[in-house]
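In the numbering used here, the protein residues as written are 4 to 326.
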């Protein structure tokens with residue numbers, strides 16, 4: 004929830020920090036390969052897989068579909084050339100529909116062996132959805148398969164994949180593109196506990212602030228969101244998404260898109276709610292975010308304060324509802 008500008012101005016500076024500007028921190032960029040089901044030499048499937056152009060959420064001219072089979076995988080495979088061995092973010096694109104499968108197995112041929120990620124293809128259609136980050140071997144081979152072996156109901160769909168090398172990716176990134184908000188928004192107090200609300204419109208991409216594993220949140224308070232457990236063991240919480248960009252349990256790298264902002268849950272207007280937790284202790288994220296904005300290594304989460312970054316620390320302030 005956002006408070007009136009006058010009240011925000013009255014408490015400006017509660018979470019200020021003196022930092023050296025070294026450069027921007029934002030979403031990671033790296034070599035990317037996209038393979039569509041119609042890419043020459045990039046897709047193979049048996050005759051059991053049909054072709055459709057019915058959904059406007061498709062990538063390219065059409066997509067492939069098949070009925071589930073609980074006795075055999077009969078996977079459709081995407082073939083790609085991996086220029087250099089190393090970690091890659093693997094994303095998939097598919098049209099979503101209530102008649103599509105709610106437990107589609109995507110198989111990633113990682114260098115350590117095949118890994119399967121189950122995706123609900125009734126949601127998050129028409130956009131890139133991350134399966135996670137996997138170590139891939141160099142060379143041209145079948146990299147991502149879509150299996151028919153599922154107890155889910157509805158067609159399984161194979162449309163397109165995207166591989167992005169994350170070698171050399173930054174250790175940290177802002178939760179929003181640097182152009183989305185001025186620096187002054189990153190030191191604003193929250194309304195009733197250690198956290199921050201960042202005012203951006205619905206559909207703004209939100210990014211992982213550091214590498215880790217995500218768990219999907221979907222409740223009446225946070226709405227759609229994620230808990231990102233970082234490599235440091237601390238939890239970075241995002242709330243009020245309009246949609247997710249990652250599958251539950253996916254491994255992500257800093258700068259990888261995890262969702263699109265929105266107004267779901269207990270929220271009075273579109274914004275991104277962001278919080279940091281060490282164990283069960285909520286921490287003020289303002290100094291952490293200011294450091295990211297200024298392009299310097301952020302302070303350790305355990306060193307962040309637990310007070311002084313929310314309005315109820317002022318005796319004259321009215322306690323605002325959670326959201």
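Just so you know, even glycine gets a beta-carbon here, dropped at the ideal spot from N, CA and C.
Check the DSSP bridge columns for residue 200 and list the partner residues they point to. As a first step, residue 200 is located in the chain shown; it is residue number 197 there, counting from the start. The partner list for residue 200 (beta bridge, DSSP) reads 276.
Across the segment 47-54 and the segment 104-112, are there enough close Cβ pairs to call them in contact, namely three or more that are closer than 8 Å? Because the criterion of three Cβ pairs below 8 Å is not met, the segment 47-54 and the segment 104-112 do not touch.
Kindly indicate the opening and closing residues of the alpha helix (DSSP H) around residue 183. Along the chain shown, read from residue 1 onward, the residue named residue 183 stands at position 180. For residue 183, no alpha helix (DSSP H) segment is defined, and its DSSP state is neither H nor E.
Span of the alpha helix (DSSP H) holding residue 3? The question about residue 3 has no answer, for the chain in this structure spans 4 to 326.
Proximity winner among 237, 149, 152 and 196, relative to residue 310 (alpha-carbon distances): As a first step, residue 310 must be located in the chain shown, where it is residue number 307. Checked all of 237, 149, 152 and 196; the closest Cα to residue 310 is 196.
Secondary structure of residue 158, DSSP reduced to three states: Within the chain shown, numbered from 1, the residue matching residue 158 stands at position 155. Three-state result, residue 158: strand.
Given residue 13, which residues of its chain have a CB within under 6 Å of its CB, disregarding the five upstream and five downstream residues? For this step, residue 13 is matched to residue 10 along the chain shown. Confidence in residue 13 is poor, its pLDDT being 34 and thus under 50, which makes the residue's placement too unreliable to answer from.
With 16 as the cutoff for other CB atoms within 10 Å, does residue 288 come out buried or exposed? Locating residue 288 in the chain shown gives position 285, where the first residue counts as 1. Buried.
Are the beta-carbon atoms belonging to residue 38 and residue 81 less than 8 Å from one another? Counting from one through the chain shown, the residue named residue 38 turns up at place 35. Counting from one through the chain shown, the residue named residue 81 turns up at place 78. Contact flag set, yes.
Whole angstroms are fine: how far does the CA of residue 244 sit from the CA of residue 225? Indexing the chain shown from 1 puts residue 225 at position 222. Indexing the chain shown from 1 puts residue 244 at position 241. Roughly 9 Å between the two C-alpha positions.
Are the CB atoms of residue 175 and residue 295 within a distance shorter than 8 Å? For the purposes of this step, residue 295 is identified with residue 292 of the chain shown, where counting begins at 1. For the purposes of this step, residue 175 is identified with residue 172 of the chain shown, where counting begins at 1. Yes, they are a contact pair.
Tell me, please, which residues DSSP counts as bridged to residue 222. For the purposes of this step, residue 222 is taken as the residue at position 219 of the chain shown. Answer is 226.
Exposed or buried, what is residue 32 when buried is set at 16 or more other beta-carbons lying within 10 Å of its beta-carbon? Your numbering for residue 32 matches position 29 in the chain shown. In this prediction, residue 32 has a pLDDT of 48, which is less than 50 and means its spatial position is unreliable; what the coordinates show is noted afterwards. Exposed, by the Cβ-count rule.
What does the alpha-carbon distance come out to for the pair residue 189 and residue 127? Counting from 1 along the chain shown, the entry for residue 189 is found at position 186. Counting from 1 along the chain shown, the entry for residue 127 is found at position 124. Near 29 Å, if we compare the C-alpha coordinates of residue 127 and residue 189.
Classification of residue 171 by the beta-carbon crowding that lies within 10 angstroms, buried from 16 upward: Your numbering for residue 171 matches position 168 in the chain shown. By the neighbour-count rule (16 or more Cβ atoms within 10 Å), residue 171 is not buried but exposed.
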